[in-house]
Amino acid sequence: MVSPADVEKLRGMRAPGPAVLSLYLPVPPGPAGVRGLAARAEDLMAGAGAGSPAGAGTARAGHADRDAVLGALAAHRPDWPGRTVAFFACQQLGLFEALPLPCVLPGRAVLAARPHVRPLLAVIQRCPDYLVAITNGRHARVLSVSGNRVETVASQSGQGPPGHGFGRWYGLETRRLQQRIIPLGPHHYRDVAAILARAAGAGPRMPLVIGGRHDSITGLLQELPPAAREAVAGSFTAGPHALTPARVRELAAPVVEGWVARREQELAGQILGGLAAVGLHASLAAVNQGVAGHLLVAHEGMIAGYVCGGCGALSTGSFECPDCGTAARMVPDLLEEMVQRTLDDNGPVTMIRDASFSVAARLRFPVTEGESATTGGGR
Ligand SMILES: [Zn+2]
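The numbers in the numbering used here rise by one with no breaks, and the one at position 179 of the sequence shown is 446.
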């Protein structure tokens, strides 16, 4: 699956001009849609940059990069039904990546000096890896879910044959948890709680979903130490014996989705409640002045704009920069530029949905020169 390290690696790639091709391609689930897939990919790539103010075309995208994408598509398409695949190609930089993503995203192609990573960040935030603890009075197991991979990381032993091929459903290894079956004793709430607490303490926190009978969920929650309890995203009730790995994922995924959406709204509330820039122009001013402490991006589409060739100031207009008198050059997506600048300054970036603004930023300091900093509202 895609990790923050993948994003950082891509962010380290930079070409002297708009020579890096980024393509996000949804692969249809059935064989019918697959037939037109190469044509769809070609259309997206051909359209990259079209409609932008400067009228940049794909002429600068090497045929080699397009051919590499189409070649990978022909070779790996059967592995990707129902997935969105992100391609990054730049022959000049020796870059070619094809990353199948855990979420479905709309198709998009971008030609820019750097890989276009904003959708990748959204995927990492919206489709996190998570743990599911399934428990009832006699049985318990802990599963890890990463994209469409589901693996058992612990199961109760000594209770007769396990239900559904515990352990190696897909024969793939998890990144964060060792793939071994941990036997659980009679005090299994406590044992499961201990496993979850250890998982909560190891590396980036993974959300936790609890499934099972209502009383068992309550029983496990009571045994959880505070750190693990904070990671609980929610629960679902189900009879544990009927749960296949695919069914566990089906039941747990909406719980995690709801948790992600709630956290987005909480974060937006916190940021807008403090010193914040709200809306494109105020946020551009904040980023240009290096005072954006945490960027919230709500607008999914791209907003074409300009960057000063001298000082790097971002703007919506192509006028000459008042500070350095240099003509600005076109960039396909100001929001991507703002994301990159904020990450470069070690500021967090969060993609959110259902917001009343396109982009907003928590400010480290007030924006100067009468630019519009607000403490709420705006668009
Ligand atoms: Zn300038």
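From the three backbone atoms N, C-alpha and C, an ideal C-beta is built for every residue, glycine too.
- Sequence-distant partners of residue 304 (beyond 5 residues in either direction) whose C-beta falls short of 8 Å from its own C-beta, in its chain, are 292, 294, 295, 340 and 344.
- Note that the C-beta distance between residue 583 and residue 601 is below 8 Å.
- Cβ atoms of residue 562 and residue 609 come within 8 Å of each other, at about 4 Å.
- If you check the C-beta of residue 552 against ligand 1, you find no heavy atom less than 7 Å away.
- According to the DSSP assignment, residue 629 belongs to the beta strand (DSSP E) that extends over 626-630.
- Taken through DSSP and simplified to helix, strand or coil, residue 561 comes out as strand.
- The Cβ atoms of residue 336 and residue 312 lie closer than 8 Å to each other.
- Distance from the Cα of residue 334 is smallest, within the candidate group 634, 354, 348 and 475, for 354.
- Excluding five sequence positions before and after residue 397, the CB atoms of its chain that fall closer than 8 Å to its own CB belong to 411, 412, 473, 474, 475, 476, 500, 519 and 523, given in chain order.
- Within 7 Å of the C-beta of residue 577 there is at least one heavy atom belonging to ligand 1.
- Distances taken from the Cβ of residue 583 to the heavy atoms of ligand 1 include none shorter than 7 Å.
- For residue 394, the distance from the CB to the nearest heavy atom of ligand 1 is not below 7 Å.
- Residue 594 has its CB no nearer than 7 Å to any heavy atom of ligand 1.
- Annotated three-state conformation of residue 510 is coil, per DSSP.
- The residues 486, 487 and 490, in chain order, have a CB closer than 6 Å to that of residue 456 in the same chain once the five nearest residues on each side in sequence are set aside.
- Annotated three-state conformation of residue 491 is coil, per DSSP.
- In terms of Cβ geometry, residue 505 and residue 627 do not form a close pair [threshold 8 Å].
- Comparing alpha carbon positions, the residue from 560, 565, 593 and 568 closest to residue 575 is 593.
- Around the beta carbon of residue 419, a 10 Å sphere encloses 16 or more other beta carbons of the protein chains shown; the residue is thus reported as buried.
- Under a 10 Å Cβ-count criterion, residue 371 is classified as exposed, with fewer than 16 other Cβ atoms of the shown protein chains found around its own Cβ.
- Counting every other CB atom within 10 Å of its CB across the protein chains shown gives residue 537 a total below 16, marking it as exposed.
- Comparing C-alpha distances from residue 615 to each of 579, 559, 570 and 297 shows the shortest one belongs to 559.
- Judged by DSSP secondary structure, residue 333 falls within the alpha helix (DSSP H) whose first and last residues are 330-343.
- At a threshold of 7 Å, residue 590 counts as near ligand 1, since its beta carbon sits closer than that to one of the ligand's heavy atoms.
- One alpha carbon belongs to residue 547, the other to residue 625, and they sit about 7 Å apart.
- In this chain, the alpha helix (DSSP H) harbouring residue 603 covers 601-611.
- Secondary structure of residue 538 (DSSP, three-state): helix.
- Note that the C-beta distance between residue 282 and residue 400 is not below 8 Å.
- Linking residue 275 to residue 606 through their CA atoms gives a straight-line distance of about 12 Å.
- Apart from the 5 residues on each side of it in sequence, residue 369 sits with its Cβ closer than 6 Å to the Cβ of 268, 394 and 414 in its chain, given in chain order.
- Every alpha helix (DSSP H) stretch that sits fully inside the segment 367-401 and reaches 4 residues is listed by chain position as 385-393.
- Going by DSSP, residue 577 is part of no alpha helix (DSSP H) at all; its letter is neither H nor E.
- Residue 530 holds the alpha-carbon nearest to the alpha-carbon of residue 620 among 550, 530 and 589.
- The three-state secondary structure of residue 484, taken from DSSP, is helix.
- Going by DSSP, residue 479 is part of the beta strand (DSSP E) stretching over 475-479.
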